[in-house]
Amino acid sequence: MNSKSWAIAMPRLLKLEPHKSIEELEKLYRQTQDPIERTRWQILWLIAKGHKVEEVAEVTG
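At position 16 of the sequence shown (counting the first as 1) the number is 911 in the numbering used here, and the numbers step up by one without a gap.
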């Protein structure tokens, strides 16, 4: 599957169950040293803030 068809199949908005607050997610994102883990926290933080999947994908690659 190429990246264009994958992007089309992605939902525009995701909802997370609130296991951590937006503030906690931001703190984890900013404090984590491991680059892969940092990106994962950033993705969760941005989605929790209400960003669309396309926006998050653009920012995080």
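Just so it is clear, CB atoms sit at the ideal spot from N, CA and C, and this is done for glycine as well.
Taking 7 Å as the cut-off, decide whether the C-beta atoms of residue i and residue j are in contact.
i, j, result
"residue 944", "residue 917", "yes"
Cutting at 8 Å between CB atoms, please list the residues of its own chain near residue i, excluding the five before and the five after it.
i, result
"residue 936", "920, 923, 924, 927"
"residue 909", "942, 948"
"residue 955", "934, 937, 938, 941"
By Cβ distance below 7 Å, which residues in the same chain neighbour residue i in space, the five residues on each side in sequence not counted?
i, result
"residue 911", "939, 942, 943"
"residue 878", "One cannot answer for residue 878 here, as it falls past the ends of the chain, which runs 896 to 956."
Hey, which unbroken runs of the beta strand (DSSP E) at 3 residues or more fall wholly within the stretch 920 to 954? none
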